[in-house]
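The block underneath contains the structure these notes are about, expressed in structure tokens.
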Amino acid sequence: MGRIAIYPGSFDPVTLGHIDIIKRAVCVFDKVIVAVASNSHKKMLFDINERVSLLKESTKDIDRIQVERFDGLVIEYAKSKNISVLIRGLRMISDFEYELQMALTNRRMNESIETVFLMPSEGYSFLSSTLIKEAAVLGADLSSFVPKSVEDSIKLKLQ
Ligand code: ADP
Numbered sequence: 068m069g070r071i072a073i074y075p076g077s078f079d080p081v082t083l084g085h086i087d088i089i090k091r092a093v094c095v096f097d098k099v100i101v102a103v104a105s106n107s108h109k110k111m112l113f114d115i116n117e118r119v120s121l122l123k124e125s126t127k128d129i130d131r132i133q134v135e136r137f138d139g140l141v142i143e144y145a146k147s148k149n150i151s152v153l154i155r156g157l158r159m160i161s162d163f164e165y166e167l168q169m170a171l172t173n174r175r176m177n178e179s180i181e182t183v184f185l186m187p188s189e190g191y192s193f194l195s196s197t198l199i200k201e202a203a204v205l206g207a208d209l210s211s212f213v214p215k216s217v218e219d220s221i222k223l224k225l226q
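Quick note: my numbering has the sequence shown finishing at residue 226, numbered continuously throughout.
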């Protein structure tokens, strides 16, 4: 069956930074499940179906990945699939505190889950979905930050 990892997130929307992490992850694991969280405390621009389909469209040329939605706790989702590795992206030091807290909380809830951190190319290390949404509202050119389909969908959404 090989080594499988889950890359969870809200992906609202997927950026080239997320894609960079996905490409790195498939070099390390045999298969990667990109898991889109349906529930989040954050205010979403795209609903769960839109986020999943934008991810599918943006990753259609990458082999050995699967995009799925999940509800509830990621550790429960991982357990239900018998997968014990979570991937998270680390951009800057500012991500570290939150990510460490989450990784240790998940480990406390399930000792057998390991979180693996991957660093994106430095060109994407400043990029976040939140920033993209803010820049989009102000009419910025997003072409070097998000896939074309995402750029088009944001424009449509904000019309
Ligand atoms: P969440 O809401 O769970 O933080 P996100 O969709 O914002 O979900 O991010 C999912 C994961 O991808 C997180 O680990 C985040 O740090 C990482 N990530 C987000 N943007 C980037 C980027 N530009 N480069 C690398 N990793 C990123």
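For every residue, glycine included, the Cβ atom is placed at its ideal position computed from N, Cα and C.
- For the pair of segments examined, the segment 209 to 224 was found to touch the segment 114 to 123: the number of CB pairs separated by less than 8 angstroms reaches three.
- Positions of the alpha helix (DSSP H) runs, each at least 4 residues long and wholly inside the segment 173 to 223, are given as 196 to 204 in order along the chain.
- In the structure shown, F78 adopts coil according to DSSP, grouped into three states.
- Counting C-beta pairs with one atom in each stretch, the segment 149 to 156 and the segment 127 to 135 have fewer than three that are closer than 8 angstroms, which means they do not touch.
- For A72, the pairing in a beta bridge is given by DSSP as V99.
- Residue nearest to I89 within the set S211, Q168, F184, D138 is F184 (criterion: CA-CA distance).
- Of all C-beta pairs linking the segment 196 to 209 to the segment 92 to 108, fewer than three are shorter than 8 angstroms, placing the two stretches out of contact.
- With fewer than 16 other beta carbons inside 10 angstroms of its own, S161 counts as exposed.
- By the CB criterion at 7 angstroms, S77 and S105 fall outside the cutoff.
- Inter-residue distance for A170 and L205 is about 35 angstroms (C-alpha atoms, whole angstroms).
- Along the length of the segment 112 to 177, whole alpha helix (DSSP H) runs at least 4 residues long occupy 115 to 125, 141 to 147, 160 to 176, reported in chain order.
- By the neighbour-count definition (other C-beta atoms within 10 Å, threshold 16), T82 is a buried residue.
- Taking the Cα of V95 as reference, the smallest distance to any Cα among I71, P75, M111 is reached at I71.
- As the crow flies, the alpha-carbon of I86 is around 22 angstroms from that of G69.
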